[in-house]
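First to last, the sequence lines map onto chains A and B.
Just so you know, the first sequence maps onto residues 23 to 293 in the numbering used here.
Just so you know, the second sequence maps onto residues 11 to 310 in the numbering used here.
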Amino acid sequence: MTAVLSSERAGNHAGTSSALPVSFRGLRRTFGTGNAAHTVLQDVTFDVAAGEVLAILGPSGCGKSTLLRAAAGLDSPSAGSVVIQDTPVHGIDPRCAFAFQEPRLLPWHTLQANVAIGLPTGCSAKEGKAKVSRLLELVGLDSFAKHRPREVSGGMAQRASLARALARNPGVLLLDEPFGALDALTRIKMQDLLLDVHQAEPTTVLLVTHDVDEALQLADRIIVLGAADDGQGATIVRTVDVPGTRPRDRASAELAALRVSLLASLGVDGH
Amino acid sequence: MSNPGNPFLTGNSVADERAAAATAATADAARTGALPAPAPATGWSPAGVRSRNWARLPLGLIIPAILLAAWQAASATGLFSVVQLPPPAMVLGAAGELLGRGELGTHIAISTQRVVIGFLIGAALGLILGATVGLSKIADALLAPTIGALRAVPSLAWVPLLILWLKIGEDSKVTLIIIGAFFPVFTTVSLALRHVDRNLVEAARAFGLKGVRLLTTVQLPAVVPAVFSGLRLALAQAWLFLVAAELIASSMGLGFLLIDSQNNGRTDRLFLAIVLLAVIGKLTDALLGLAEKWAVKRWA
């Protein structure tokens with residue numbers, strides 16, 4: 023399958039933007055004002071290299087999604103900034119594409135029309151159609167192109183959502199717990215699919231997850247968010263380079279040890 | 011609902027392609043290890059819907075038939091005088107007579123024309139202003155109090171002013187109908203737009219949709235069912251306001267037929283006007299209902 027994907031990619035360089043580096047600089051996000059002010063994130067600084075897959079781990083409610091939303095321009099930080107290849111993010115950023123925890127497909131459109139929503143502006147109809155059908159094939163949905171979202175399973179809808187994000191030729195692909203709502207078996211298949219996709223479209227990926235195994239399986243590097251020293255919101259408490267190259271052996275002893283240590287960082291005792 | 015950025019908007023979820031897709035899906039599932047396609051989510055098979063529709067029409071005619079029989083019986087037994095309750099045959103006769111003189115056609119045509127023009131303009135204004143107020147907080151703060159106060163004015167209170175400004179003619183009547191059709195559409199659209207799934211809107215915004223494209227791609231399709239409830243209410247209001255306008259000042263139309271028959275003691279024609287209002291009102295509503303079915307199937 024990978025061979026097919028690579029050859030397809032080789033024939034389709036036009037309009038495909040390359041992976042972009044991302045820097046988070048002193049990011050801080052406070053919700054509310056005055057006495058009701060509530061800091062979620064503070065002093066978050068890290069860099070992601072172009073083409074890198076970075077997983078963001080953290081307990082629920084620690085601001086992982088807020089971090090991604092800041093990169094997409096869906097949310098503005100209270101202080102600091104997100105810089106994508108020398109230009110800071112201001113408002114919805116066309117260089118990013120977002121896949122949410124839920125598929126969030128338009129129920130009145132077919133899967134192919136939903137994927138086409140992701141096409142960048144200025145994309146001709148012919149070019150767009152070709153791209154959409156190529157992406158649907160990439161995520162294994164080519165025979166479901168004309169189905170409505172409610173006519174397919176949750177995993178298939180989530181794959182369509184991934185295809186929609188890829189349609190944008192993103193320099194940075196933002197994935198907010200994209201497989202969190204899927205059953206365990208479908209989740210593993212989707213993780214493998216994401217690796218295939220990353221090989222076919224080697225963009226920068228920021229993956230928010232609460233699943234340590236998923237992070238170990240997919241990422242080049244993992245950052246762990248946790249309570250800041252002063253107790254005001256979350257910040258980066260640990261950065262881990264994941265050893266080995268993908269696809270990684272799910273049963274590797276080295277990864278198992280790392281898994282226990284990461285769980286401990288998240289406040290879960292390893293047994 | 012044109013969407014320049016999306017080449018697939020003319021593509022429907024086609025039922026007949028579903029079978030082909032489902033067959034292909036089995037092979038595809040084997041190849042990709044994906045789940046097979048579940049059955050399409052439509053609750054009724056096409057045949058089921060058809061037989062259900064066939065059953066609906068006779069069922070809906072039962073009560074009108076009973077009413078007609080009771081009417082006939084009541085007038086035949088002499089329970090009411092002919093002036094109070096003319097028998098159905100006499101009403102039918104009145105219809106034949108007016109039709110023969112060409113008057114009935116004129117009354118129906120002019121009334122329907124007033125309703126259609128007033129409804130279309132009122133509904134369009136309601137849609138535009140309802141969308142503006144529903145989507146923009148500034149527009150809401152600016153316009154909603156004024157529109158709310160205007161809505162509180164009872165419809166008939168406008169009549170003297172409209173006659174003063176626009177004289178007795180088509181303009182004043184159509185304007186009154188526009189007022190009547192505007193408010194149901196305005197209210198339902200502005201409220202429905204405020205309750206569109208925020209997640210869907212956010213997802214669309216994340217993909218660069220904004221302004222008119224966001225409206226036509228996400229927000230309007232999401233409120234299609236609510237828009238049609240508003241349109242159907244507006245159409246009913248349009249007929250109501252038509253009769254109000256024609257009762258007060260007119261020389262043609264079903265409302266004029268009502269008041270003219272009352273003045274001449276022609277109860278048969280009075281009944282005819284009422285029956286025609288019921289039938290034509292229901293017919294126009296049914297037409298809108300058909301459009302609604304199509305639209306809901308297309309967008310919901």
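Just so you know, even glycine gets a beta-carbon here, dropped at the ideal spot from N, CA and C.
Q: List the residues of chain B that A:K151 touches, going by C-beta distances under 7 Å, in chain order.
A: In chain order: P17.
Q) Looking at C-beta atoms only, is the number of pairs between the stretch 207–221 of chain A and the stretch 136–151 of chain A that lie closer than 8 Å three or more? A) With the cut-off at 8 Å, the stretch 207–221 of chain A and the stretch 136–151 of chain A do not touch.
**Q.** CB-CB length for A:E199 against A:Q123, believed under 8 Å
**A.** 4 Å
Q) A:A147 touches chain B at which residues, Cβ-Cβ below 8 Å? A) Result: P17.
Q: May I have a chain-ordered list of the alpha helix (DSSP H) segments no shorter than 4 residues that lie completely inside the stretch 88–124 of chain A?
A: none
Q. When you compare only the Cα positions, how much space is there between A:Q134 and A:G176?
A. 16 Å
(Q) So that I know if they touch, is there some Cβ in chain A lying closer than 7 Å to that of B:P231? (A) B:P231 counts as touching chain A.
Q | Closest residue to B:F192 among B:A214, B:A141 and B:L108 (Cα-Cα distance) | A | B:A141
Q | Distance, A:L184 Cα to A:P269 Cα | A | Counting only the Cα atoms, A:L184 lies some 20 Å from A:P269.
Q: Mind the definition here: the stretch 271–285 of chain A touches the stretch 107–122 of chain A only if three or more C-beta pairs lie below 8 Å; say whether that holds.
A: no
Q: Please list the segments of the alpha helix (DSSP H) lying wholly inside the stretch 153–183 of chain B, counting only runs of 4 or more residues, in order along the chain.
A: 168–176
**Q.** Three-state secondary structure assigned by DSSP to A:Q254
**A.** coil
Q. How long is the line joining the alpha carbons of A:I139 and A:A152, rounded to whole angstroms?
A. It is roughly 14 Å from the alpha-carbon of A:I139 to the alpha-carbon of A:A152.
Q: Could you tell me which of B:G299, B:D150 and B:G218 sits nearest to A:T143, measuring between CA atoms?
A: Among B:G299, B:D150 and B:G218, the Cα nearest to that of A:T143 is on B:G218.
Q.
Tell me which residues of the stretch 90–101 of chain A have at least one Cβ-Cβ distance to chain B shorter than 7 Å, keeping chain order.
A. A94 and L96
Q.
Can you tell me which residues form a DSSP beta bridge with A:A249?
A. A:A256
Q: Say whether chain A places a C-beta atom closer than 7 Å to the C-beta of B:G218.
A: yes
Q: Using the Cα positions of A:L27 and A:L163, report the straight-line distance between them to the nearest angstrom.
A: Per-residue confidence for A:L27 stands at a pLDDT of 43, beneath the threshold of 50, marking its modelled position as unreliable; no derived number is given.
Q. Below 8 Å, can you find three or more Cβ-Cβ pairs linking the stretch 44–55 of chain A to the stretch 63–74 of chain A?
A. yes
Q) Does the beta carbon of A:D65 fall short of 6 Å from some heavy atom of the ligand ZN? A) With respect to the ligand ZN, the structure offers nothing, as it holds no ligand at all.
Q. Are the C-beta atoms of B:R208 and some chain A residue less than 7 Å apart?
A. no
Q: Less than 8 Å between the CB atoms is what I'm expecting for B:S121 and B:G263, so what's the real figure, rounded?
A: Their Cβ separation, rounded to whole angstroms, is 4 Å, which keeps B:S121 and B:G263 in contact under 8 Å.
Q. Is the CB of B:W10 under 7 Å away from at least one CB in chain A?
A. Outside the shown range of chain B (11 to 310) lies residue 10 of chain B, about which nothing can therefore be said.
Q) Quick one: what's got a C-beta closer than 8 Å to B:V199's C-beta in the same chain, skipping five residues either side? A) G136, L137, G140, A141, G144, V233, A236, V237 and G240
Q. A:A77 and A:I244: beta carbons closer than 7 Å?
A. yes
(Q) Suppose the cutoff is 6 Å on Cβ atoms and the five residues either side in sequence are ignored; what does the same chain contact list for A:V62 look like? (A) R51, G85, T88 and G255
Q: Sort B:L210, B:I258 and B:I290 by Cα distance to A:R126 and report the nearest one.
A: B:L210
Q) Can you give the Cα-Cα distance for B:E256 and B:F266, rounded to whole angstroms? A) 5 Å
Q | Which listed residue (A:T225, A:T267 and A:T226) has its alpha carbon closest to that of A:Q239 | A | A:T267
Q: May I have the straight-line CA-CA distance separating B:R124 from B:E212, to the nearest angstrom?
A: 42 Å
Q: Starting from A:S45, follow its DSSP beta bridges and name the residues at the other end.
A: Beta-bridge pairing links A:S45 to A:D69 and A:V105.
Q) CA-CA distance, B:T185 and A:N57? A) Put simply, the backbone Cα of B:T185 is about 54 Å away from that of A:N57.
Q | Validate contact between the stretch 100–118 of chain B and the stretch 167–179 of chain B using beta carbons, cut 8 Å, 3 pairs | A | no
(Q) Rounded to the nearest angstrom, what separates A:P192 and A:V137 at their Cα positions? (A) Each residue's Cα considered, the two are about 14 Å apart.
(Q) For a test of the three-state rule: what should DSSP assign to B:A39, helix, strand or coil? (A) Note that B:A39 scores a pLDDT of 42, beneath 50, so its modelled location is shaky and nothing firm can be said.
Q: Going by DSSP, name the residue or residues bridged to A:H60.
A: A:F53
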